[in-house]
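Report on the structure given below.
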Amino acid sequence: MQFRLERRREPSRFMLYATPVAAVLLTMIIGAIIFSAIGFDGIGAVREIFLTPLTNSYKWQDLGVKAAPLIIIGVGLSISYRANVWNIGAEGQYIMGGLAATWVALASHGAGGWWTLPAMMLAGTAGGAAYGAIPALLKTRLNVNEILTSLMLTYASVQLIYYLVRAPWKDPMGMGFPQTRRFASEALLPNIFPGTIVHAGVPIAIIVALVAWFIMSRSVFGYQMRVVGAAPHAARYGGFSENKTIWLALLVSGGLAGLAGMLEVAGPFQRMVPGFPTNYGFTAIIVAFLGRLNPLGVIFAGIVMAITFVGGEVAQTTIGLSNSATGVFQAMMLFFLLAGDILVRYRLRRVAPQTEAGI
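Going by this note's numbering, the first residue of the sequence shown is number 1, and it counts up by one from there.
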């Protein structure tokens with residue numbers, strides 16, 4: 001007995017939006033079974049990771065801070081993936097945005113003013129976009145796969161952080177720790193609620209998602225991204241340049257990743273440290289797909305992934321679950337989501353086994 005995948009004429013719209021919910025539920029069920037089988041409290045792990053961040057009001061502010069960079073990067077990736085341009089190096093672009101913003105903060109230390117944060121935002125966005133321009137150039141000029149180049153550049157950016165915080169940017173008053181000096185007050189994001197850690201980057205993330213939704217659904221730019229990704233031959237016939245689309249997709253996704261890096265270094269970190277790479281860029285890939293490559297969906301997907309980050313930290317202290325358990329749950333979520341997408345778009349059909357001629 002043999003089977004093959006056969007494309008459905010019209011995928012169910014209901015199932016397209018139900019699949020992310022099903023992926024989350026399956027992740028919780030299968031995750032509980034797996035962790036119970038290896039000797040942990042599986043049900044407790046699911047409770048702490050997925051439910052405690054929602055039921056404990058003290059954790060709500062953590063959700064906003066964790067969700068903000070995921071939403072901003074996820075929005076950029078959703079635009080890129082809509083155009084069928086596969087930027088996998090958002091983590092590196094996030095890092096370069098943080099480094100560019102750090103340069104502005106250090107260069108203006110003691111001489112800054114109201115203009116410091118806007119300048120850091122521009123520098124962070126430009127730094128991420130410039131790093132995204134490298135795979136765009138290699139793709140359009142030499143036809144080098146953007147998946148490989150964007151991913152490999154991530155590791156170069158990590159090494160650049162290690163060099164800068166250990167040599168030219170090292171804080172001479174930092175007790176030998178590899179880190180920059182703490183940013184001046186004018187280079188730090190203000191908290192929007194006194195007594196909390198919720199900084200101005202949280203509403204900025206929501207604004208970015210709303211603006212991106214409007215542009216993608218109501219502008220020629222958004223129409224170009226969608227058409228080139230869905231029907232490249234029709235796009236060429238309509239006068240849309242594939243190379244121009246590649247540049248736009250990588251510059252926008254890289255710029256938004258760089259903006260997220262700026263908000264993180266000027267918000268929670270308040271200085272550049274070797275631990276700045278937090279895998280937000282890689283996790284945002286899940287966010288983009290979980291949000292159905294829709295900026296509005298990315299908002300909710302970013303909150304879901306933030307729940308796993310915060311819940312993973314809670315589970316470490318309450319039931320002794322390792323930090324890598326969070327990655328396991330996130331990986332399962334992506335697997336179930338992609339598997340569900342296959343079944344929504346294709347049906348499994350049984351075919352008669354082929355026999356050799358003459359038999």
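Cβ atoms here follow ideal geometry from the backbone N, Cα and C, with glycine treated the same way. All figures in this text were calculated on a predicted structure; none of them were measured in a lab.
Rounded to whole angstroms, what is the Cα-Cα separation between residue 122 and residue 116? 10 Å
Using beta-carbon positions only, say whether residue 46 and residue 32 come within less than 8 Å of one another. yes
May I ask which residues mark the beginning and end of the beta strand (DSSP E) holding residue 54? That residue, residue 54, is in no beta strand (DSSP E); its alpha helix (DSSP H) goes 52 to 55.
List the endpoints of the continuous beta strand (DSSP E) containing residue 5. 2 to 7
Determine the contact status of residue 3 and residue 311, defining contact as a CB-CB distance below 8 Å. no
Please say whether residue 255 and residue 128 have beta carbons closer to each other than 8 Å? It is a contact, given that the beta carbons lie within the stated cut-off.
Own chain residues within Cβ distance below 7 Å of residue 188, not counting five before or after: 266 and 270
Kindly indicate which residue of 183, 351, 163 and 173 has the alpha-carbon position closest to the one of residue 263. 183
Contact set for residue 307: own chain, Cβ-Cβ below 8 Å, skip 5 residues either direction: 49, 50, 53, 54 and 63
Do residue 286 and residue 343 have their CB atoms nearer than 8 Å? No, these two residues do not count as a Cβ contact at 8 Å.
Tell me which same chain residues have a C-beta within less than 6 Å of the C-beta of residue 9, skipping the five on either side of it? none
With DSSP collapsed to three states, give me the class of residue 233. helix
Residue 298 versus residue 204: straight-line alpha-carbon distance, rounded: 14 Å
Whole-angstrom C-beta distance between residue 288 and residue 110, which should lie under 8 Å: The beta-carbon distance between residue 110 and residue 288, rounded to whole angstroms, is 40 Å. This is too long to meet the 8 Å contact definition.
Can you find the residues in the same chain that come closer than 8 Å, C-beta to C-beta, to residue 138, ignoring five residues on each side of it along the sequence? Excluding residues within five positions, the ones whose Cβ falls inside 8 Å are 144, 146 and 149.
Put residue 243 into one of helix, strand or coil per three-state DSSP. helix
Helix, strand or coil, according to DSSP, for residue 271 in the structure here? coil
C-beta contact flag for residue 90 and residue 249 at 8 Å: In this structure, residue 90 sits away from residue 249, with a CB-CB distance that is not shorter than 8 Å.
For the 8 Å Cβ check, are there 3 or more pairs between the region 236 to 248 and the region 321 to 338? Touching, no, given that fewer than three Cβ pairs across the two stretches are closer than 8 Å.
Which value, in whole angstroms, describes the spacing of the CA atoms of residue 303 and residue 352? 46 Å
Determine, using beta carbons only, whether residue 320 and residue 19 come nearer to each other than 8 Å. No, they are not a contact pair.
Residue 293 - DSSP class collapsed to helix/strand/coil: Three-state result, residue 293: coil.
Neighbourhood of residue 42 by C-beta distance below 8 Å, restricted to the same chain and skipping five residues each side: 31, 32, 33, 34, 35 and 36
Using CA coordinates, which residue listed in 328, 296 and 98 is at the minimum distance from residue 276? Out of 328, 296 and 98, 98 has the C-alpha closest to the C-alpha of residue 276.
Output the boundary residues of the alpha helix (DSSP H) element that contains residue 181. Note, residue 181: premise wrong, no alpha helix (DSSP H); not H, not E.
Cβ shell of residue 86 (< 7 Å), same chain only, five flanking positions each side left out: 146 and 147
Is the Cβ-Cβ distance between residue 71 and residue 161 less than 8 Å? no
Helix, strand or coil for residue 25, going by three-state DSSP, please let me know. Three-state DSSP puts residue 25 in a helix.
Indicate the three-state DSSP secondary structure (helix, strand or coil) for residue 220 in the structure shown. helix
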